[in-house]
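Residue numbers (the numbering used here): 1 to 287. Using N, Cα and C, we set each Cβ at its ideal position, and we do this for glycine too. If you're wondering where the values come from, they're calculated on a predicted model, not measured in any experiment.
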Amino acid sequence: MVVPQQYTQFTAYPQPQLSLFYFYENPMISQKILQKLGFSQKEIAVYLTLLELDTGTVTNIAKKSGINRTSCYDILHSLLYKGLITKFEKQKRQYYSARDPKYLLSYFENEKKALEKQLEKKKKSVVQILPELRSLVNPKSTTKPKVQFFEGEKGMREAYEDTLSSSEEILSYANVETMHDALPNFFPDYYQRRVEAQISIRGIFPQNKTSLKRAKKDSEEMRTSLSLPECSMTFSPEVNIYDNKMLIASWKEKMAVIIESKELADLQKLIYNLLWEYLQKEKKKRK
1 MVVPQQYTQF
11 TAYPQPQLSL
21 FYFYENPMIS
31 QKILQKLGFS
41 QKEIAVYLTL
51 LELDTGTVTN
61 IAKKSGINRT
71 SCYDILHSLL
81 YKGLITKFEK
91 QKRQYYSARD
101 PKYLLSYFEN
111 EKKALEKQLE
121 KKKKSVVQIL
131 PELRSLVNPK
141 STTKPKVQFF
151 EGEKGMREAY
161 EDTLSSSEEI
171 LSYANVETMH
181 DALPNFFPDY
191 YQRRVEAQIS
201 IRGIFPQNKT
211 SLKRAKKDSE
221 EMRTSLSLPE
231 CSMTFSPEVN
241 IYDNKMLIAS
251 WKEKMAVIIE
261 SKELADLQKL
271 IYNLLWEYLQ
281 KEKKKRK
């Protein structure tokens, strides 16, 4: 018996009444959020269909979601890879089932870890090529001080990140109270990353509760600190001196300046060390 040719060809399913557009017109569906999370419209349609069906074959899923069978295979493979659905065989037929929606959290947690690994690899690559890139800098361009300006909270963070490139101990005048008031969520993480980078710091602080409390963590945060002798001696801005740079930050005005000049940095280091010696002597007198 010869089967007529038209019956051997794949016949596309007619568009069902419950198409993928159903999911975008139903206000109870969180399709907009899923789109923002990076899922395609077809992935959302198949995923939501499976949540409704619980279990189904490719034929069932394609028919209910309004997506052709060939595309449906690719989408199901994508959802399997993301760990949002499962596949099993029953009576020589393959079935797909949606996992609990809580696995969306697991998926994004894994994505976060993968992204962090990628960023860490890129960071190591940058560190690896830094010496070569620096060797290309025209020596004549380093004779004049370089000045960078930063504004706003984002700019302040960016300026402070530069200190993590220091190849030596950082010398700092800082009011921990104003620092933490300005960027309360930034500094605990910054301290940890500075320690991981094995960058120590010396700090001269005004006497206040926040500064004295932070000084108790000097050892674990690779810091040596001295406070000014009188409570009336206080200041708000911050100065960090490291390598050939000075970071001057005004936490109240939300602005920072980085000046790169070996001559100026050397002078500031000299002044800092003179003050440090004086404060050490004053500290001994008070004991």
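No residue range can be given for Lys216, since it is assigned to no alpha helix (DSSP H) and is classified by DSSP as neither H nor E. Apart from sequence neighbours up to five positions away, the residues of its chain that approach Phe186 with a beta-carbon distance below 7 Å are Arg157, ordered along the chain.
A direct Cα-to-Cα measurement between Asn175 and Ser250 gives close to 11 Å. Taking Val46 as the centre and dropping the five residues before and after it, the same chain places the C-beta of Ile61, Ser65, Ile67, Cys72, Ile75, Leu76, Leu79 closer than 7 Å to its C-beta, in chain order. Secondary structure note for Lys146: its beta strand (DSSP E) is the uninterrupted segment 146-151.
Scanning the region 188-254 from its first residue to its last, the whole alpha helix (DSSP H) runs of 4-plus residues come out as 209-215. Three or more Cβ pairs closer than 8 Å define a contact, and the region 253-260 meets that threshold against the region 146-156.
Taking Glu277 as reference, the option from Lys121, Leu226, Tyr95 with the minimal CA-CA separation is Leu226.
Residue pairing for Ile259: DSSP places it in a beta bridge opposite Val147, Met246.
Counting only runs of 4+ residues, the alpha helix (DSSP H) found wholly inside the region 54-114 occupies 58-65, 69-81, in chain order. By the Cβ criterion, the region 159-178 is in contact with the region 198-212, since at least three pairs of Cβ atoms, one from each stretch, lie closer than 8 Å.
The C-alpha of Lys121 is placed about 41 Å away from the C-alpha of Thr57. Here Leu228 is actually not in contact with Gln198; their C-beta atoms are around 28 Å apart, not less than 8 Å.
Counting along the chain, the unbroken beta strand (DSSP E) around Leu171 starts and ends at 170-173.
Pairing Leu115 with Val127, the inter-Cα distance amounts to about 18 Å. In the assembly as shown, Gln280 is an exposed residue. Its beta-carbon has fewer than 16 other beta-carbons within 10 Å. Judged by DSSP secondary structure, Thr178 falls within the alpha helix (DSSP H) whose first and last residues are 176-182. If you look at Leu34, you'll find it in the alpha helix (DSSP H) that goes 31-36. Remark: C-beta atoms of Tyr173 and Ile204 approach each other more closely than 8 Å. In the three-state DSSP reduction, Leu50 falls in the helix class (H, G or I). Nearest neighbour of Lys262 by Cα position, chosen from Leu275, Pro101, Gln268, Asn244, turns out to be Asn244.
Leu84 counts as buried, since at least 16 other C-beta atoms from the protein chains shown sit within 10 angstroms of its C-beta. By the criterion of a C-beta distance shorter than 8 Å, Thr224 is surrounded in its chain by Ser200, Ile201, Arg202, Gly203, Asp218, once the five residues flanking it on both sides are discounted. At least 8 Å separates the beta-carbon of Arg134 from that of Leu164. In the same chain as Glu282, and ignoring 5 residues on each side of it, the C-beta atoms closer than 8 Å to its own belong to Pro229, in chain order.
Counting C-beta atoms within 10 angstroms of its own C-beta, Lys285 has fewer than 16 neighbours from the protein chains shown and is therefore classed as exposed. Residue environment: Ile170 is assigned as buried (16 or more neighbouring CB atoms within 10 Å of its CB, all protein chains considered).
Counting C-beta atoms within 10 angstroms of its own C-beta, Ile44 has 16 or more neighbours from the protein chains shown and is therefore classed as buried.
Take Gln268, set aside five residues on each side of it, and the residues of its chain with a beta-carbon closer than 7 Å to its own are Ile241, Met246, in chain order.
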